[in-house]
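Engineer: Below is one structure. I have some questions about it.
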Amino acid sequence: MTTTPPTTHKDTPAAPAGPEPRSRARRRRDTEGRLAHDVDVWVASASADGVPYLVPLSFDWDGEALLVATPADSPTGRNLAGTRVARLALGHTRDVSVIDGEVADVLEMDALPRERGDRFAVRTGFDPRTLATPYRWFRIVPRHVQAWREENELSGRRLMREGRWLV
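Here it is in structure tokens:
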């Protein structure tokens, strides 16, 4: 019986070189493009005692805040209303924009102006106002934004701090 010697790090072929890192200005443009054109966002929240929860939600971006809707009595609905913070992720793991946001408004369905609800429904293809389950609207304002693809973009990934773009 022949045994194969274990592979060492030196025996492993080098990973192919990736694309050059994007400038911070380009990463901001890419993030703003995702906000304007993506329809779904991962929303991470936690209860007051720290139990995490993660769900994908449809959203609409108005240039200032992301508008999402979720059942009022769901873990996410309770968490967003209770702690007023969320971490959002757009894109996939090798091209991600991570947004730490403040829940600026928690609104009952009929408290949002009709035009804004209509815009959400048209953009996302989902209208929570028509459902029997009680939903709420949540306006999430970005406070911190980071964007990166690979390891070569970890440096300079912070694009917004305390609600102000850095680039």
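Under the UniProt record's numbering, the first residue of the sequence shown carries the number 1, and numbering increases by one thereafter. All residues carry an ideal CB built from backbone N, CA and C; glycine is no exception.
I want to know whether the stretch 41-48 touches the stretch 78-93 - three or more CB-CB distances under 8 Å.
Structural biologist: The stretch 41-48 vs the stretch 78-93: in contact.
Engineer: Does the structure place the stretch 106-116 close enough to the stretch 136-147 that three or more beta carbon pairs sit under 8 Å?
Structural biologist: Yes: the two stretches touch, three or more of their Cβ pairs being nearer than 8 Å.
Engineer: Inspect the CB distances between the stretch 18-36 and the stretch 153-163 and report whether three or more fall short of 8 Å.
Structural biologist: Yes, they touch.
Engineer: Could you please give the first and the last residue of the uninterrupted alpha helix (DSSP H) stretch that includes L35?
Structural biologist: From DSSP, the alpha helix (DSSP H) with L35 extends over R24 to H37.
Engineer: By alpha-carbon positions, which one of P128, A147, T76 and S23 ends up nearest to D95?
Structural biologist: Nearest of P128, A147, T76 and S23 to D95, Cα basis: A147.
Engineer: CB-CB under 6 Å to P71, same chain, minus the five flanking residues each way: which ones, in chain order?
Structural biologist: If we look at P71 and ignore the five residues flanking it on each side, its Cβ neighbours are G77, T133 and Y135.
Engineer: Hey, would you say E145 sits closer than 9 Å to V98, going by beta carbons?
Structural biologist: Before going on, a small fix: residue 145 reads as Val here, not Glu. Yes; because the gap between Cβ atoms is below 9 Å, this pair is in contact.
Engineer: Exposed or buried, P142, counting other C-beta atoms within 10 Å across all chains shown (16 or more means buried)?
Structural biologist: P142 should be labelled buried.
Engineer: In terms of residue numbering, what span does the alpha helix (DSSP H) encompassing G77 cover?
Structural biologist: From DSSP, the alpha helix (DSSP H) with G77 extends over P75 to T83.
Engineer: So, helix, strand or coil for V145, using DSSP?
Structural biologist: Strand at V145.
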